[in-house]
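J.:
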Amino acid sequence: MSDSEDDVPLAMRAVAPAAPPAAQNGGAGPSKPPPAAAASNGAVKAGTGAHLHGKQVVSDSDSEDEQPLAARAAAIAKPAAAAAGASNGARFSKPPPAQPVKAKRPGLLDDAVELPAARPKPKPKPAPQRPAAKPREESDEDDSSDDGKSLAERKRKLTPASKTTAKRTRDAGAGTSKPKERKRKAGSESEKPERASKRGKSEGSGGKGGSSGKKMWDTLVHSGVLFPPEYEPHGVKMLYDGVPVDLTPEQEEVATFFAVMKETDYMNKPKFLENFWEGFREVLGPRHVIKGLDKCDFTPIYEFHMAERERKKNMSKEEKEAAKKEKEEKEAKYKTAIVDGRHEMVGNFRVEPPGLFRGRGEHPKMGKIKKRIYPQDITLNIGRGVPVPEHPFPGQSWKEVRHDQTVTWLAYWRDPVNTKEYKYVFLAATSTWKSESDLQKYEKARKLKDFIGGIRDEYTRNWNARDRSERQMATALYFIDKLALRAGHEKDEDEADTVGCCTLKVDNVECIAPNHIRFDFLGKDSIRYENTVEVEEKVFENISLFKQENASGKPKKDGDQLFECFDAQDLNVRLKDLMDGLSVKVFRTYNASVTLDRLLADVSEEETVEAKAAEYNRANKEVAILCNHQRSVPKTHDNQMKVMQEKLDAMRQELQDLQADLKRAEAGKKGEDGKVLKEDSLRSRVEKKKLQLAKAEIAAASKEDLKTVALGTSKINYLDPRITVAWCKRNEVPIEKVFNKSLLSKFLWSMDVEPAFRF
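Residue numbers in the sequence shown follow full-length UniProt numbering, run continuously in steps of one, and reach 759 at the last position.
As structure tokens, then:
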């Protein structure tokens, strides 16, 4: 490990004085594909259509776990040993002397010095729609898809710190930057720009399901997917204007979806109610007696539902065991697949039942009916010559059966609510494919330390670039590096209006003199990001300018793009110029892992395992804060803390009583009850009670401290597990204290790491 500051995230380093304008240049950038399912469920987003039913299978996790290995095996340029002893922070070659500006042109900044910049990238041609296209493998939680074809023309590898950067030349007249068109064109799916398909929204081309172009398996056998049981009517009538109403089984089912949510916060959300009524009215038909939601009373159905829950809860032990056994027997054949002769666990093999879509935050589609998925909606992928999986619906066939050896998904279907996306079934996170994929992901992030010094020099210089897009991209990359922000993508009107670095609006940032910037926006999963940070002087100047006017010099207003000259896909292409395979996700993984590695570098001074585990959780919390992995305080938190406090008070009283008895025993006195007190026994009990109390106090303090942060997301997606395993070995902490059973299985490949491992 180098002693250079390059290996430390900017967020953890003191703000350095701004470099003189004449010495600055640089820039960089990535992009983002569709969100993946959590590693534990094995299903990923993808596309359109369905029938009545079909709960969303996609996880909202930031995970790269479902991305097939081959698509993420992009080679990372190896550091060349050009000069022995060169450090990570070595600088690039100086830019050529500035050229005099003869006349003002739109898009140039008045105080700028012209510096070499990347050659303009040819505009991609719209790709024709191909319904049977193979799903793309390359994707992760944050990154945009690769624009690999343009890289072949623009490839410029940034060598490790020991080498200088190749000088770039710009075509004549390339100094001007025009704002990118951010509005989507209306029209049919085929009229939409190519970028929509690159984000995994065209059939079978969704990010993680895509083809790597490389043969991934020779033989593949599995049993398909497990469908939920068909609806069984309960016959309980809802009321309309106080009168019981007859409903068909289909209508009753939809009414039940709504009734069971009677006591949730969704009943107070107008959008949820509006979307539900729209779907319910369609199911009821135009001639039904129910004409509005305001006179509907679903209480009888809700009470029936609660009674059923209570009945199941009160079943005898034998009844519960029988039900569990029956469930396991139904699932058994779907849990495994045979890949090249070896048995592998399947991720989420269940097709979720129908219901009402909830979404995260204020999702515009909350309340819409998730229709039931049938075999005719599902495409399977199996080996040639093996039996096609059966299904329980006579008269139906699978939508399609493929034999594509370049993909790793087992099945996919259109999302019944978000109809531009698809749901995928993959092998589980413990599979060989996923383990190798995880290892390569973290190795790629580790290699960034060989490039990070040069990349930071590059984007720092470009804060002064004449070209506005170069300057904007360099400023955005500074925030991605310093604050671990996600890239952010353009949103359709029917998508949650969340924001990332590349889609920040003018009103999402506030400049506070002399050099602080306040961020306030809804990030992934509609989680609010609110942070005030100290920035470099030139970054402050740039943001002030980008808030005031666009590339044409026209004033901006709230709601306008802060960075109007590029988008996440452009940034993704630029980042891959700086290092093969580099993306915003790699930046987040690198900064998260480096932060944890730094915080856990020293041997713990705590004495007990519980205290050491609490120390680890505090370090994990710092990473969660860096990545904005928040959660709302659980509704049961206050009651749980109250119970814990009562237990602590009782334990303290027990300890006082034991200590009092010990003093009597030492003085040769009897106990209050007249019994003889044994000094050795009491002394042992006092020590045990002290340890018990200390553990309980640590647990209570930790629970309160971590109530608003989600530690699991960073462990699953961003933290190299070898850091944790090595720390546990150095400090003699059982790995089970920090990794749950799921993570132990997922990261089994990391358990042999040496205690001295450093990221």
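We put the beta carbon where it would ideally sit given N, CA and C, even for glycine.
Quick caveat: nothing in here was measured; it's all calculated off a predicted structure.
Do L691 and T589 have their C-beta atoms closer together than 9 Å?
T.: No, the pair does not count as a contact, with Cβ atoms beyond the cut-off.
J.: Could you tell me whether the region 523-537 touches the region 649-669, where touching means 3 or more Cβ pairs closer than 8 Å?
T.: Output reads no: the region 649-669 does not touch the region 523-537.
J.: Measure the C-alpha to C-alpha separation of F747 and T430 and round it to an integer number of angstroms.
T.: So the alpha carbons of these two residues sit roughly 8 Å apart.
J.: Whole alpha helix (DSSP H) runs in the region 335-371 with 4 or more residues, listed along the chain?
T.: Qualifying alpha helix (DSSP H) stretches: none in this window.
J.: Mapping the DSSP letters down to three states, classify N531 as helix, strand or coil.
T.: In this structure, N531 counts as strand in the three-state DSSP scheme.
J.: Report the CB separation of H629 from V709 in whole angstroms; it is logged as a contact under 8 Å.
T.: The pair is a contact, with the Cβ atoms about 6 Å apart (cut-off 8 Å).
J.: Where does Q645 land, buried or exposed, given buried means 16+ other C-beta within 10 angstroms?
T.: So Q645 ends up on the exposed side.
J.: Just the C-alpha distance for T432 and F739, rounded to the nearest angstrom, thanks.
T.: Looking at the two C-alpha atoms, the distance is approximately 20 Å.
J.: Assign E321 to buried or exposed, taking buried as 16 or more other Cβ atoms, counted over all protein chains shown, within 10 Å of its Cβ.
T.: It counts as exposed.
J.: Suppose the cutoff is 7 Å on Cβ atoms and the five residues either side in sequence are ignored; what does the same chain contact list for L599 look like?
T.: Correct list, in chain order: A619 and E622.
J.: Assign D705 to one of two classes, buried (16 or more other C-beta atoms within 10 Å of its C-beta) or exposed (fewer than that).
T.: The residue is exposed, with fewer than 16 neighbouring Cβ atoms inside 10 Å.
J.: Do I517 and V539 come within 9 Å of each other at the CB atom, strictly closer than that value?
T.: Yes, the pair counts as a contact, with Cβ atoms nearer than the cut-off.
J.: For W413, list the residues DSSP reports as bridge partners.
T.: Partner(s): I378 and K423.
J.: Mapping DSSP to helix, strand and coil, what is R758?
T.: Note: R758 maps to coil in three-state DSSP.
J.: Counting beta carbon pairs with one atom in the region 394-407 and one in the region 542-553, are three or more of them shorter than 8 Å?
T.: No, because fewer than three Cβ pairs between the region 542-553 and the region 394-407 fall closer than 8 Å, the two stretches do not touch.
J.: So, Y231 versus E263, is the Cβ gap smaller than 9 Å?
T.: No; because the gap between Cβ atoms is not below 9 Å, this pair is not in contact.
J.: What are the uninterrupted segments assigned as alpha helix (DSSP H) that are 4 or more residues long and contained completely in the region 678-706, given in chain order?
T.: You should have 679-705.
J.: In whole angstroms, what separates the C-alpha of N462 from that of E754?
T.: Taking the straight line joining both Cα atoms gives about 41 Å.
J.: Am I right that A756 and S593 are in contact with their C-beta atoms under 8 Å? What's the rounded C-beta distance?
T.: Not a contact, Cβ separation roughly 16 Å.
J.: What is the DSSP secondary structure of I512, counted as helix, strand or coil?
T.: Strand at I512.
J.: Would you give the residue range spanned by the beta strand (DSSP E) that V401 belongs to?
T.: Start and end: E400 to R402.
J.: Report, in whole angstroms, the separation of the C-beta atoms of E344 and T336, which I expect to be a contact under 8 Å.
T.: Their Cβ separation, rounded to whole angstroms, is 7 Å, which keeps E344 and T336 in contact under 8 Å.
J.: Kindly list the residues whose CB is nearer than 7 Å to the CB of L719, restricted to its own chain and excluding five residues on each side of it in sequence; keep chain order.
T.: So the qualifying residues of the chain are A592, S593, L596 and V623.
J.: So for A37, helix, strand or coil by DSSP?
T.: Low local confidence applies: a pLDDT of 36 at A37 is under 50, so the model's placement there is unreliable, with the coordinate-based value given in what follows. Note: A37 maps to coil in three-state DSSP.
J.: From the DSSP output, in three-state form, read off C296 for me.
T.: Of the three classes helix, strand and coil, the one that applies to C296 here is strand, per DSSP.
J.: For L743, collect the residues of the same chain with a Cβ closer than 8 Å to its Cβ; drop the 5 residues on either side in sequence, then sort them by chain order.
T.: Same-chain partners within the cutoff: K715, I716 and P721.
J.: Whole angstroms is fine: what's the gap from residue 781's alpha carbon to F426's?
T.: As shown, the chain starts at 1 and ends at 759. That puts residue 781 outside it, with no answer to give.
J.: Which whole-angstrom value is the C-beta distance of N515 and M366, which I expect to be below 8 Å?
T.: With a Cβ gap of about 40 Å, N515 and M366 do not count as contacting.
J.: Got a sec, what are the start and stop residues for the alpha helix (DSSP H) S745 sits in?
T.: Where S745 is concerned, the enclosing alpha helix (DSSP H) stretches over K741 to K746.
J.: Would you call M238 buried or exposed, if buried means 16 or more other Cβ atoms sit within 10 Å of its Cβ?
T.: So M238 counts as buried.
J.: Compute the distance between the beta-carbons of K505 and G553, then report whether it is under 9 Å.
T.: Not in contact: K505 and G553 (Cβ atoms no closer than 9 Å).
J.: Starting from K434, trace the alpha helix (DSSP H) both ways and give me its first and last residue.
T.: Taken as a continuous stretch (DSSP letters only), the alpha helix (DSSP H) holding K434 covers T432 to K447.
J.: Going by CA-CA distance only, name the one from V509, R471, C627 and D294 that's closest to P270.
T.: If we check each option's Cα against that of P270, D294 comes out closest.
J.: Mark Q569 as exposed unless 16 or more other C-beta atoms lie within 10 angstroms of its C-beta, in which case mark it buried.
T.: When all chains shown are included, Q569 counts as buried.
J.: Residue range of the alpha helix (DSSP H) that I290 falls in?
T.: Careful: I290 lies outside any alpha helix (DSSP H) and carries neither H nor E.
J.: Could you give the residue range of the alpha helix (DSSP H) that holds G242?
T.: Segment: none, G242 is in no alpha helix (DSSP H) and carries neither H nor E.
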